[in-house]
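Report on the structure given below.
Residue numbers (the numbering used here), protein chains in the order written: chain A, 3 to 561; chain B, 2 to 331.
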């Protein structure tokens, strides 16, 4: 016989037992005492915070036979007992998730007018209400607005934003909050004592943290651990079960990050994986750990109470070697592991890539003066540029040009005597900036253009094709703004179309590659062969140029 | 004490499940998560056998109940939906009606939901209430690749066991027990990357292993291929079989990951040991960012294929964008 799960056994039975939701329970109790019961409530909040429990308790309280209003529900009167045993006729629980249709709601509305069978009120609890179809919601509206005096609706949902505003406005709304770790731990201790589960304090603390504010998660985890292990429940047990990592192992990983020792990091990850650590759990723990480091760094030791001495010392040591900007970037990166995994990436690969990126981002960051605590030996850059790992990869065959980094707010200094060279060299950054502003078409246009001349505040830009030219002419303000943001100078943009510069002399300061137009191709065997390649032909007609030809080394051996 | 379960590895899970059965404190819903072929379904089946077996030491694997379970014919075990299909609301309603009835033979009624992440969202939501408070004789077993792929409300109603890749050693030993000769056992154990189910299939099916080798070799060839026509041609061939394209890309991710590991001088940890000689020069020729971006690309393309985009288009783009290395003279 499957025993009742602990979270069902220890469902709160009265208002006092609901943990961490005083703002809800006290308000409800006051309303009951003063007899001001609303006809419709909406309980919203994350899973496992007490919505369904509160709904049932409220249902008991309004019907309870106890003389003393403050003592309701007393859980001893026949009506309360009926609810607790799940056989009350006046508490109708509807699972909206499996009864989403309008017919289910109509059926319910038909019966709303019937009087309660035993108690004063008939209470309809509609759980997971966000799943109702739109027409079902609409069918409910009229009844929800003016139900018969003997009816109370309690709607419960984890996703209030999916509930129609017309429904929301007809309900008294109570938002349940995530339950603080400390309270969850207390409750776990209480249950453990009653169930005679021998559990370490640290183990319960770990469970409470893992539950992330959801009591049901915490209690089921305790249940699962207690029922499946013999003897005392230790922190090690919990870690093994969750595939979680100890603080020491975590420290090794973070040190590897701080020292940009990718090899060490990957090796440690490999060891952990062999030990059976859950990589997604690891990413979550990593975010947690880095956040602690960040708090430590910003607020000093007092910002982070708790934790044993060894752990605190570890944090203090590492906080010195990691800059604030770096920490916040790492936190972002490790948080994105979650989305990567959802996108089908294997968790360990996602984390490994984050380690690779961490080292690489550090290589292209702009070094600034090391912070005062940083030792000279391990001078860490203050800020790292935004992640460039996801930008387009270099085209095959060509050498890799690192995309120029563009830390927002620090304009690129242009040489006063020769500003054009600087502009050209960093012209790609304008494209990058536009891309970040989601102006993709404009970015494409700017990427196929070159600044050719500066006259006072006028900047002449040469576009390779008409499409880009038209677009940039239209949106020249955006380009001007981007240029100003990057180079710190307010230019006025003049757009030119290639081959049609009337009266504009073009400066060509030391062009990096010899421009070769299709007509200038020497009648070389190689050339003609390439120019006949249909792909190349197509490229040439859309404004491409043959810049350089890589000769094949040896004849390829395929097979 | 229970008989040994027919499961290789995952001792920590088996130990805990056995303990629960022994103490009579079973949960009403289990969720096994882990990558494909890691043994989620096998574990679910073993649990079903352990609960439905009629022998004194369950699971015996011999009695009628055990045999019926392994053939998916036991009246008290239902697997919904069929292989490769997605769970629909209608099926969930069926189950809701069915669940109230007492078990036919044993004391339990098991409901297996493989690949719960593929369930229609409405179906998953419809299951919520039943999953929360089922009758005492009902036990649910769900499987999914990750917790994140399911509704959090589903996950929080289940006891979750996140199955982890097995150590290579364990797989190698298992393969030896199945009378696989040493060299092949080592190779399969490496390529399996912790997935015992794959190792088992590869051991039985010569063709599968040969194909897996071919995929790795294909990738290396592709990197050496500069001619874009040839690349597009390859993409076209790959796009012909969408199932195989998925698996090919998975193989490619392991090759690229190996290249990353090689870049950081960690040759002992790589998976495609059979390609080691060829991967080394290739890794030297590419920058770490190139490898990293190629890896990201392959993953993106894989997710596109899963999302049912035009396979040819996605694969062509991938083939054109993967880096190219000149083959140095031998």
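Just so it is clear, CB atoms sit at the ideal spot from N, CA and C, and this is done for glycine as well.
Between the C-alpha atoms of residue i and residue j, what's the straight-line distance to the nearest angstrom?
{"i": "residue 294/B", "j": "residue 361/A", "result": "15 Å"}
{"i": "residue 140/B", "j": "residue 197/A", "result": "23 Å"}
{"i": "residue 1/B", "j": "residue 15/A", "result": "Outside the shown range of chain B, which is 2 to 331, sits residue 1/B, and nothing can be said about it."}
{"i": "residue 258/B", "j": "residue 183/B", "result": "25 Å"}
{"i": "residue 283/B", "j": "residue 268/A", "result": "20 Å"}
{"i": "residue 31/A", "j": "residue 18/A", "result": "10 Å"}
{"i": "residue 290/B", "j": "residue 354/A", "result": "13 Å"}
{"i": "residue 186/B", "j": "residue 273/B", "result": "14 Å"}
{"i": "residue 57/B", "j": "residue 51/B", "result": "11 Å"}
{"i": "residue 430/A", "j": "residue 449/A", "result": "6 Å"}
{"i": "residue 236/A", "j": "residue 191/A", "result": "13 Å"}
{"i": "residue 253/A", "j": "residue 289/A", "result": "13 Å"}
{"i": "residue 210/B", "j": "residue 204/B", "result": "8 Å"}
{"i": "residue 9/B", "j": "residue 6/A", "result": "30 Å"}
{"i": "residue 75/B", "j": "residue 129/B", "result": "25 Å"}
{"i": "residue 402/A", "j": "residue 427/A", "result": "Residue confidence for residue 402/A is low, a pLDDT of 42 falling below 50, so the modelled location carries little weight; the figure read from the coordinates is stated next. Distance between the alpha carbons of residue 402/A and residue 427/A is about 15 Å."}
{"i": "residue 300/A", "j": "residue 326/A", "result": "8 Å"}
{"i": "residue 275/A", "j": "residue 28/B", "result": "28 Å"}
{"i": "residue 316/A", "j": "residue 322/A", "result": "10 Å"}
What residue does the beta strand (DSSP E) around residue i start on, and which one ends it?
{"i": "residue 451/A", "result": "451-457"}
{"i": "residue 496/A", "result": "494-499"}
{"i": "residue 460/A", "result": "460-465"}
Is residue i helix, strand or coil by DSSP?
{"i": "residue 406/A", "result": "Interpretation of residue 406/A is limited by its pLDDT of 46, a score under 50 that renders its predicted location unreliable; no figure is taken from the coordinates."}
{"i": "residue 95/A", "result": "strand"}
{"i": "residue 20/A", "result": "coil"}
{"i": "residue 1/B", "result": "Missing from the structure shown is residue 1/B; chain B here goes from 2 to 331 and no further."}
{"i": "residue 144/B", "result": "strand"}
{"i": "residue 12/A", "result": "coil"}
{"i": "residue 27/B", "result": "coil"}
{"i": "residue 542/A", "result": "helix"}
{"i": "residue 12/B", "result": "helix"}
{"i": "residue 327/B", "result": "coil"}
{"i": "residue 80/A", "result": "helix"}
{"i": "residue 346/A", "result": "coil"}
{"i": "residue 247/B", "result": "helix"}
{"i": "residue 281/A", "result": "helix"}
{"i": "residue 67/B", "result": "helix"}
{"i": "residue 287/B", "result": "coil"}
{"i": "residue 99/B", "result": "helix"}
{"i": "residue 291/A", "result": "helix"}
Taking the continuous alpha helix (DSSP H) assigned at residue i, which residues delimit it?
{"i": "residue 107/A", "result": "104-114"}
{"i": "residue 241/A", "result": "237-244"}
{"i": "residue 620/A", "result": "Summary: the structure shown does not reach residue 620/A, with chain A confined to residues 3 through 561, and so no result is reported for it."}
{"i": "residue 71/A", "result": "Element bounds for residue 71/A: n/a, residue is neither H nor E."}
{"i": "residue 201/B", "result": "197-205"}
{"i": "residue 105/B", "result": "Residue 105/B -> no alpha helix (DSSP H), and no H or E assigned at all."}
{"i": "residue 230/A", "result": "217-230"}
Have a look at the DSSP bridge pairing and note the partners of residue i.
{"i": "residue 156/A", "result": "43/A and 127/A"}
{"i": "residue 176/A", "result": "45/A"}
{"i": "residue 332/B", "result": "Examination of residue 332/B is not possible in this model, given that chain B is present from 2 through 331 alone."}
{"i": "residue 32/B", "result": "143/B and 161/B"}
{"i": "residue 201/A", "result": "235/A"}
Run down chain B in chain order and give the residues with a C-beta less than 8 Å from the C-beta of residue i.
{"i": "residue 175/A", "result": "Those do not exist, as residue 175/A stays about 20 Å from chain B at its closest Cβ, beyond 8 Å."}
{"i": "residue 362/A", "result": "289, 290 and 293"}
{"i": "residue 272/A", "result": "267 and 270"}
{"i": "residue 358/A", "result": "261, 289 and 293"}
{"i": "residue 52/A", "result": "Chain B residues near residue 52/A: none, gap ~13 Å exceeds 8 Å."}
For residue i, go through chain B and note every residue whose CB falls closer than 7 Å to its CB, in chain order.
{"i": "residue 565/A", "result": "Not covered by the structure: residue 565/A. The range shown for chain A is 3 to 561."}
{"i": "residue 343/A", "result": "147 and 149"}
{"i": "residue 133/A", "result": "126"}
Residue i versus chain A: which residues are under 8 Å apart at the beta carbon?
{"i": "residue 296/B", "result": "351 and 355"}
Less than 7 Å separating the Cβ of residue i from some heavy atom of the ligand GTP?
{"i": "residue 424/A", "result": "Among the components of this structure there are no ligands whatsoever, and the ligand GTP is therefore not found."}
For residue i, return the contacting residues in chain A, with the cut-off set at a CB-CB distance below 7 Å.
{"i": "residue 163/B", "result": "245 and 280"}
{"i": "residue 154/B", "result": "49 and 160"}
{"i": "residue 13/B", "result": "242"}
Along chain A, in chain order, which residues have C-beta atoms closer than 9 Å to that of residue i?
{"i": "residue 93/B", "result": "100"}
{"i": "residue 106/B", "result": "Residues of chain A passing the Cβ test: none, with the nearest at roughly 16 Å."}
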